[in-house]
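Protein chains in written order, with our numbering: chain A, 55 to 307; chain B, 158 to 453.
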Amino acid sequence: MKGRIRKVDEVAEGVRRIVVDIHLKADPGQFVMVWVPGVGEAPFSVSDIENGLQLVVALRGSVTRKIFSMSEGDVLPVRGPYGKGFTLVKGTVALVGGGYGLAPFPLLSKRLKDLDSHITLLLGFKGSKNYIDPQKVGILADDFIVATEDGSVGFKGLVTEILEDLSGYDMVYACGPERMAVELLRIVNPSKVEISVERLMRCGIGVCGSCVLDPLGLRVCSDGPVFRGDVLLRIEDFGRFWRGWDGRKEEIR
Amino acid sequence: MLEVDLAGVKLRNPIVIASGILGISRGLFLRLDREGAGAVTTKSVTLRPRSGNPLPNIVELEFGLVNSMGIPNPGIELMCEEIRSAVPHMSVPIIGSIAPTSAEEAKTMASLLVESGASAVEVNTSCPNVQDIGINLINKSVELVRSIDREVDVPILVKVTPHVQDVPSFVRTLSEAGADGFTAVNTLKAMVIDVDLLRPVLGGVVGGLSGPAVRPVAVRFIYEIRKTLPGAAIIGTGGVENWRDAAEMIMAGADAVGIGTALRRGLKVINEVTDGLRSFLIERGLTLDDIRGVVP
Chain A
55 MKGRIRKVDE VAEGVRRIVV DIHLKADPGQ FVMVWVPGVG EAPFSVSDIE NGLQLVVALR
115 GSVTRKIFSM SEGDVLPVRG PYGKGFTLVK GTVALVGGGY GLAPFPLLSK RLKDLDSHIT
175 LLLGFKGSKN YIDPQKVGIL ADDFIVATED GSVGFKGLVT EILEDLSGYD MVYACGPERM
235 AVELLRIVNP SKVEISVERL MRCGIGVCGS CVLDPLGLRV CSDGPVFRGD VLLRIEDFGR
295 FWRGWDGRKE EIR
Chain B
158 MLEVDLAGVK LRNPIVIASG ILGISRGLFL RLDREGAGAV TTKSVTLRPR SGNPLPNIVE
218 LEFGLVNSMG IPNPGIELMC EEIRSAVPHM SVPIIGSIAP TSAEEAKTMA SLLVESGASA
278 VEVNTSCPNV QDIGINLINK SVELVRSIDR EVDVPILVKV TPHVQDVPSF VRTLSEAGAD
338 GFTAVNTLKA MVIDVDLLRP VLGGVVGGLS GPAVRPVAVR FIYEIRKTLP GAAIIGTGGV
398 ENWRDAAEMI MAGADAVGIG TALRRGLKVI NEVTDGLRSF LIERGLTLDD IRGVVP
């Protein structure tokens, strides 16, 4: 599939919301592989699918640098959606995001609202220049709490420090840095949390093994990218290792 | 009833996970075992770690996949660690696939794989996606096989490229050099162009075609190899999506059947194929031996 970029907004320093004229069906938490000809290909969370495909893109490597140089009218080829997304729960839920990890939340919050769930949104950022206004990307929430490491917006500290009591939630959905996810698993019932995991991917369709999580042999691209917390606690790589392009494990800093 | 003897290696069923597909970590070896495979082939390994080709590495077509992974792997040492830690917990054999640059390397890697617990060695001189190894070493195949044969006692399989012209003389020469069997076939050199963007899709430009499109080619290779070498072990590989495709390869002469591209539909495909084969044999009152190479 390919479509023209319809809208580009800077939502924080080095983070853009991009809407592409591609109409697809996707579950919240699934991802697409975006091809940037001449540069490469990378996975991105499907952020929203209403009125086109919305992606939240952070400047990280050569693929995203090239995407940042594109503007309205440029063509973006994608394949997907791939993977297994979040399980939708009707009830009282929390969405926990770190930085641009909030990417899948717009679509997720809409689907949860379709079920009349009560949504508490908890977002953490490094500082005000990294802060992303959830309304600007289309996240629906009944309550919203924000924390920044430098205290420039909302509470001072990590997002995981403001959620002392998460026991009342029927489900906690999380996406963000792996350190945040690891910390989250310390404070919530692991069987009531679903976390979107990121790894290097090549095929995206479950045949190459590049994104494997051991010792369970789970493929992030097709068994995930969303996994339940109790499954992740059995992954020795989780929070510790990331596999490079040659498959060697590298420590997550 | 699905047990197979592959050059002395016992398989509980004929379904072998093809090289390049998932065989990269302890967890995946064990998982493929649990999901019902008869054997698991490692991704091809090189002496040193290798990062593979730039992305995109894969294009999905309605009749298969074109990939240009470029043999990404963590190198022989780490691959052996994965195998060593998996083997004590495995109920099926691991076939170690190597992509050497020289006879010396082939010998070294083969013996390290066997020491780590690999039950057979597959020599990949047929990968179309690399410059320095793979298909560009096809003319060295005999030399590589000979050096491995002197070094290890396990069966040696040669992964055959569908670009070979004279199949009988190719396999006969390798058999004389010490190859116990053949995995036929590797992917067919291919290319996909995006006509809207006026450029090739794959980062490696040229890749290898797998999936249903190559199946009849694989069947013909299996048939020719079986006619040439009645005693050779053959893993038929290329586009097997269901039990009928697997049965077809066995009828052409395969002992075992590789599966790879089909796993894009999920690992459940493995059990679907073995269940289907079993039902077919029961319904028809046949055994695998009855149908192997049955076509005249």
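The C-beta atom is built at its ideal place from N, Cα and C for all residues, glycine as well. All values derive from a computational prediction rather than experimental measurement.
Item, Value
"Integer-rounded CB distance, given that residue 146/A should sit under 8 Å from residue 222/A", "6 Å"
"Any C-beta of chain A under 7 Å from that of residue 181/B", "yes"
"Residue 141/A burial status per 10 Å Cβ neighbour count (16 or more: buried)", "exposed"
"Identity of the residues DSSP links to residue 230/B by a beta bridge", "207/B"
"Assigned exposure category for residue 323/B - 16 Cβ within 10 Å defines buried", "exposed"
"In DSSP terms, what residue 108/A is bridged to", "73/A and 102/A"
"Cβ-based neighbour list, residue 319/B, same chain, cut-off 6 Å, excluding 5 preceding and 5 following", "342, 345 and 374"
"Residues near residue 337/B in its chain [Cβ-Cβ closer than 6 Å; skip 5 each side]", "164, 312, 313 and 390"
"Best match in 193/B, 211/B and 285/B for proximity to residue 256/A [C-alpha to C-alpha]", "211/B"
"Cutoff 7 Å: residue 401/B Cβ touching any chain A Cβ", "no"
"CB of residue 195/A within 7 Å of CB of residue 216/A, strictly", "no"
"The region 199-210 of chain A in contact with the region 176-188 of chain A per 3-pair CB rule at 8 Å", "yes"
"Contacts that residue 299/A makes with chain B (C-beta to C-beta distance below 7 Å)", "208, 209 and 229"
"Rounded Cβ spacing between residue 349/B and residue 358/B (contact assumed at less than 8 Å)", "5 Å"
"Buried versus exposed call for residue 451/B [16 or more other C-beta atoms within 10 Å across all chains shown]", "exposed"
"Buried versus exposed, by CB contacts within 10 Å (16 or more), residue 386/B", "buried"
"DSSP bridge partner residues for residue 130/A (one or two, in chain order)", "57/A"
"Separation of residue 192/B from residue 425/B, as counted between CA atoms", "7 Å"
"Those residues which DSSP pairs with residue 272/A across a bridge", "267/A"
"Classification of residue 325/B by the beta-carbon crowding that lies within 10 angstroms, buried from 16 upward", "exposed"
"Rounded straight-line distance, which links the Cα of residue 369/B to that of residue 447/B", "25 Å"
"Partners in chain B for residue 89/A, counting only beta-carbon separations shorter than 7 Å", "213"
"Beta-carbon proximity check, residue 305/B vs residue 267/B, cutoff 7 Å", "yes"
"Where the beta strand (DSSP E) containing residue 198/A begins and where it ends", "197-202"
"Listed by chain order, chain A residues near residue 226/B by CB distance under 7 Å", "256 and 262"
"Straight-line Cα distance separating residue 361/B from residue 86/A", "21 Å"
"Neighbour flag for residue 356/B against chain A, beta carbons, 7 Å", "yes"
"Residue 271/A: contacting residues in chain B (beta-carbon distance under 9 Å)", "179, 182, 183, 184, 185, 186, 187, 188, 189 and 191"
"Burial state of residue 444/B (16 or more Cβ within 10 Å)", "exposed"
"Contacting positions in the region 421-444 of chain B - beta carbon closer than 7 Å to chain A", "421"
"Cα-Cα separation, residue 124/A to residue 164/A", "28 Å"
"Cross-chain neighbours of residue 226/A in chain B, by beta carbon under 9 Å", "Simply none; closest approach about 26 Å."
"CB-CB length for residue 220/A against residue 242/A, believed under 8 Å", "5 Å"
"Beta-carbon separation (whole angstroms), residue 306/A vs residue 298/A, contact threshold 8 Å", "Contact flag wrong, Cβ pair sits at about 12 Å."
"Counted within 10 angstroms of its Cβ, other Cβ atoms place residue 158/B as buried (16 or more) or exposed", "exposed"
"Residue 342/A at chain B interface by Cβ criterion, 7 Å", "Here chain A comprises residues numbered 55 to 307, so residue 342/A is not present and cannot be evaluated."
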